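Note that this note's numbering has the sequence shown beginning at 1190, numbered continuously upward. Beneath this line is the structure, given in C-alpha cells, with notes to follow.
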Amino acid sequence: MKFGEKFSEYLETNQERFVENCRHVEYKRLKKVLKRCRRCRAINDSPSSTAVDDNGDEAAFSQFCQFESCQLCDQKFFSELMKEAIDIGGCFSSRVRQLLQFHIHGGAQRYFTFLRYCFVSPQQKTAQECRMLTEYVMMNAVAMRKILKKYDKIHSSANGSKFKSKMRAEHMEILQSPWLIELGAFCKNFNQPRCENSSVLENPFSFDLTASGPTMTLILPDSIKLEYDLTCAICLDLVFNPYALGCGHLFCKSCACSAASVMIFQGLKAANTESKCPVCREVGVYTKAVHMMELDLLLKKDRKEYWKERLVAERADMVKQSKEQYIPIRYLSLQS
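As C-alpha cells, then:
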C-alpha cells in the first residue's frame, strides 16, 4: 500500500477518536497541487509556452513553474506547512503533558485526571492515548518528509530540503520535540510488568542505556530508524535528572544549572534570559526548559546503581552550594 493511501486510511480511522481535535498534514490536497505543477512543468518544457488546461482555457503556465521554484507551490506549501508544523507540535506536546499526568499524579488525583473518560479505566485509556499519540507523530512526520521530497523531485530543486532545515533550526519539526523522548520513556515505563493491560501497547521505541552510547531509537512506518542521544553534552555521561532546553538539547540538571550560573536548588527558571545553550549557543532557552520526568523514572528503574550514585552527588552539591550562599549573607548581616 502506498503511503498516501495509508495516510488517508489513518485519518479516516482516527477521525472521531483523535484527529478531529488535532491538526494534521494536508497530504492529499498538497499532492494535488504538486500534480498540477508537474503538468505545468511538462508544458513549460514543451516548445509552446501556452497550453489549454482542464477547463479548456488558454493558460500561460510558464509564469508558475520554474526549475528552482514554483510561485504557486511556494505560496501553497511553505507557509501552510510551517503553520501545520507549529500546530502539530503544539497539539502533540499538549496531549503528551496530559498523558504524563497518569504517572505524575497519584491516588485519587490520577482518577480525577481521567474522569472525563467515564467508564474507561485509566490504564486502558492511557494505553489507547499513548498508541494514538505515537501513530500521530509518526504518520505526520513521514507525511511531511515525503511531501517535501516530492516537491524537490518535481522542481529539481533543494527548496524542500532547505525548508526542512529551517524547521529544524527553528525547532518546529515534530521529531525534534523533547516530548517525543518523554513519550518513548513513558511507553517503556508503562510496558514494564505492573498492570494487566500493559501488553496492549505496541512500542516502536527502544532504549540502550549503556554507558558507552545511551540512545533512544524510534522506527518510523517507512522503516527509517532515528536515534536520539541521551548523553549530557557537559559531563559526557548518561543524563541524570534530565532537562531539555528550548533548543532541544539534553543536559543533567546540575550541569545545565552550572552552565547558566545558577544554583541547583534555584532551578533553570532562575537563569538569566541572556544565558545561552552550551551546545548551540542559542539565547533564552532556559525559560522553556522541560523536565524529563519519565526519562528520569526510566533511568531510576533500569540503571539503579548509577541513578543512586548521581543522586548522592547532586544532593552533596546542593548542600555545598547552599552553605556557600548562606555564609556570605550571614557575614554581611553581621557586618551591618
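Positions of the beta carbon are idealized from the N, C-alpha and C atoms, including for glycine. Quick caveat: nothing in here was measured; it's all calculated off a predicted structure.
- Secondary structure of ALA1433 (DSSP, three-state): strand.
- Shown here, VAL1472 sits in a strand according to DSSP, grouped into three states.
- Nearest C-alpha to CYS1436 among ASN1430, LYS1217 and MET1361: MET1361.
- The C-alpha of GLU1416 lies about 24 Å from the C-alpha of LYS1195.
- The three-state reading of DSSP puts MET1405 in strand, counting E and B together.
- Boundaries of the alpha helix (DSSP H) harbouring GLU1198: 1192-1203, taken from the DSSP string.
- The straight-line gap separating the alpha-carbon atoms of MET1321 and GLY1278 is approximately 15 Å.
- The stretch 1344-1386 contains, as complete alpha helix (DSSP H) runs of 4+ residues, the segments 1348-1358 and 1367-1380 (chain order).
- Boundaries of the alpha helix (DSSP H) harbouring LYS1490: 1482-1491, taken from the DSSP string.
- Here DSSP, grouped into helix, strand and coil, assigns VAL1508 to helix.
- Take GLU1463, set aside five residues on each side of it, and the residues of its chain with a beta-carbon closer than 7 Å to its own are VAL1472, in chain order.
- A distance below 9 Å separates the beta carbons of LEU1369 and LEU1407.
- CA-to-CA, the gap between ILE1413 and ILE1363 works out to about 15 Å.
- In this chain, the alpha helix (DSSP H) harbouring LYS1442 covers 1442-1448.
- DSSP places SER1395 in the uninterrupted beta strand (DSSP E) bounded by 1394-1397.
- Exposure of SER1354 is indicated by the presence of fewer than 16 other C-beta atoms within 10 angstroms of its C-beta.
- Counting along the chain, LEU1415 sits inside the beta strand (DSSP E) bounded by residues 1414-1418.
- Counting only the Cα atoms, LYS1465 lies some 19 Å from VAL1428.
- Taking all protein chains shown into account, GLU1273 has 16 or more neighbouring C-beta atoms within 10 Å of its C-beta and is therefore buried.
- For the pair LEU1288 and GLU1269, the CB atoms are not nearer than the 9 Å cut-off.
- Residues of the same chain with a CB within less than 6 Å of the CB of LEU1487, apart from the 5 flanking positions on each side, are ALA1374, LYS1377 and ASN1378 in chain order.
- Beyond the five residues adjoining it in sequence on each side, ALA1347 comes within less than 8 Å, by CB distance, of ASP1341 in the same chain, given in chain order.
- Here CYS1469 is exposed, its C-beta having fewer than 16 other C-beta atoms within 10 Å.
- TYR1216 and PHE1396 have their C-alpha atoms spaced approximately 31 Å apart.
- If the five residues before and after VAL1214 are omitted, its C-beta is found closer than 6 Å to the C-beta atoms of GLU1273, ASN1329, ALA1332 and MET1333, all from its own chain and listed in chain order.
- In the structure shown, VAL1479 adopts extended strand secondary structure according to DSSP, grouped into three states.
- Distance from the Cα of ALA1478 is smallest, within the candidate group ASP1426, PRO1367, LYS1191 and VAL1508, for PRO1367.
- Excluding its 5 nearest sequence neighbours in each direction, LYS1338 has C-beta neighbours in its own chain below 7 Å: GLY1349, listed in chain order.
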